[in-house]
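Heads up: the structure comes next, in structure tokens.
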Amino acid sequence: MKRVLTVFAFFLTCFSTVLYSQNIKYGFGGGLTYVLGPSSYTNDIDTSGSGLGLKSGYHLEGKIKFGLDPLPLRLTGQLIYTSISGSKDNIIVNPTTAIDLETSTSIFTVAFGAEYLFNKQSSLSPYANLELQMNAQGKTNFNKVYPNGTQEFSSDSRARWGLGIGAGVDVGLMSQLDLDAGIKFNFVNLFGKMSDESGFNTFTLTLVLLYHQR
Numbered sequence: 782m783k784r785v786l787t788v789f790a791f792f793l794t795c796f797s798t799v800l801y802s803q804n805i806k807y808g809f810g811g812g813l814t815y816v817l818g819p820s821s822y823t824n825d826i827d828t829s830g831s832g833l834g835l836k837s838g839y840h841l842e843g844k845i846k847f848g849l850d851p852l853p854l855r856l857t858g859q860l861i862y863t864s865i866s867g868s869k870d871n872i873i874v875n876p877t878t879a880i881d882l883e884t885s886t887s888i889f890t891v892a893f894g895a896e897y898l899f900n901k902q903s904s905l906s907p908y909a910n911l912e913l914q915m916n917a918q919g920k921t922n923f924n925k926v927y928p929n930g931t932q933e934f935s936s937d938s939r940a941r942w943g944l945g946i947g948a949g950v951d952v953g954l955m956s957q958l959d960l961d962a963g964i965k966f967n968f969v970n971l972f973g974k975m976s977d978e979s980g981f982n983t984f985t986l987t988l989v990l991l992y993h994q995r
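Residue numbering for the sequence shown is 782 to 995, as defined by the working numbering.
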């Protein structure tokens, strides 16, 4: 987490040099997150832990965009919190006992990148984006809930560099409000993973309400 905050502070300092000379939009939003892999996450949850049932979740984010007039480009910065969980109830482990299974993990992301605008002057402005991510994944938890207590297992947290590739559209709602609707493929641990670590990839759908001054 300390490494993530250090990276965020560095890029925020770089971006601050253009705060008063460029067009700025900022806001908050969220959306749905779908896990594409690894299979150990997406396989149906079972008592052995070979499948965790971590198939989908939600994310919340703050986003800022810096326009680079007159170029059809924007620099972007994001803080994103993602929560992913799975569960399965009433699994029979012996003739007299049924248990519930619960799994979860979370990701805190600091992302910096750029958007290419296809129709900058319109109130309906499509874009393509590319971003570098610093992803701090929390512990992956696997709990067996028995009638008389809970047996808990977890893996260590970790930090990895990732990449996001996506597209979206800015829709002008009012003179100072836009709606940013986007989709994105995220390669969460593209760089820095261990040799035996499988790729962790997600797909996200996001809506962000952006404020700006004309």
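Glycine residues also receive a C-beta, built at the ideal position from the N, C-alpha and C atoms. The structure displayed is predicted, hence computed values, not measured ones.
Please state whether DSSP places Thr828 in a helix, a strand or coil.
Here residue 828 is taken as the residue at index 47 of the sequence shown, counted from 1. The answer is coil: DSSP assigns Thr828 none of H, G, I, E or B.
Using CA coordinates, which residue listed in Tyr862, Gly953, Leu988 is at the minimum distance from Asn900?
Here residue 900 refers to the residue found at position 119 when the sequence shown is read from its first residue. Nearest of Tyr862, Gly953, Leu988 to Asn900, Cα basis: Gly953.
Just checking, does the stretch 869-886 make contact with the stretch 900-916 on the three C-beta pairs under 8 Å criterion?
Short answer: they don't touch.
Throw me the rounded Cβ distance for the Ile865 and Leu835 pair, which I believe falls under 8 Å.
Position 84 of the sequence shown, counted from the first residue, corresponds to residue 865. Position 54 of the sequence shown, counted from the first residue, corresponds to residue 835. Confirmed, about 5 Å.
I'd like the span of the beta strand (DSSP E) that includes Thr983, first residue to last.
Taking the sequence shown and counting its residues from 1, the one referred to as residue 983 is at position 202. First-last of the beta strand (DSSP E) with Thr983: 982-993.
Compute the distance between the beta-carbons of Asn916 and Thr890, then report whether it is under 7 Å.
Residue numbering aside, residue 916 sits at position 135 when the sequence shown is read from its first letter. Residue numbering aside, residue 890 sits at position 109 when the sequence shown is read from its first letter. Yes, they are a contact pair.
Could you tell me the boundaries of the beta strand (DSSP E) in which Thr886 lies?
Taking the sequence shown and counting its residues from 1, one reaches residue 886 at position 105. 878-898 is the span of the beta strand (DSSP E), which, as asked, contains Thr886.
Reference Thr921, options Ile845, Asp870, Thr863, Lys846, closest by Cα:
Along the sequence shown, one-based indexing puts residue 921 at 140. Measuring from the Cα of Thr921, the nearest candidate turns out to be Thr863.
Skipping 5 residues on each side, what residues in its chain have a beta carbon closer than 7 Å to that of Leu986?
Here the question's residue 986 lines up with position 205 in the sequence shown. Only Gly812, Leu813, Ile964 meet the Cβ criterion.
Could you check where the alpha helix (DSSP H) with Ser866 kicks off and where it finishes?
Along the sequence shown, one-based indexing puts residue 866 at 85. That residue, Ser866, is in no alpha helix (DSSP H); its beta strand (DSSP E) goes 854-875.
For Ile873, count neighbouring Cβ atoms within 10 angstroms of its own Cβ and tell me buried if that reaches 16, exposed if not.
Within the sequence shown, the letter at position 92 stands for residue 873. Ile873 should be labelled exposed.
Assuming Phe966 and Ile946 form a contact by the criterion Cβ under 8 Å, report the distance between their Cβ atoms to the nearest whole angstrom.
Numbered from its first residue, the sequence shown carries residue 966 at position 185. Numbered from its first residue, the sequence shown carries residue 946 at position 165. 5 Å between Cβ atoms; contact.
With distances taken from CA atoms, which of Gln914, Gly858, Phe984 is nearest Arg941?
Here the question's residue 941 lines up with position 160 in the sequence shown. Looking at Gln914, Gly858, Phe984, the one whose alpha-carbon comes closest to that of Arg941 is Gln914.
Cβ-based burial, Gly867 [other Cβ within 10 Å; buried from 16]
For the purposes of this step, residue 867 is taken as the residue at position 86 of the sequence shown. Counting Cβ neighbours within 10 Å, Gly867 comes out buried, since at least 16 surround it.
If you reduce the DSSP assignment to three classes, tell me which class Thr823 lands in.
The count along the sequence shown starts at 1 and reaches residue 823 at position 42. Thr823: helix per DSSP, three-state reduction.
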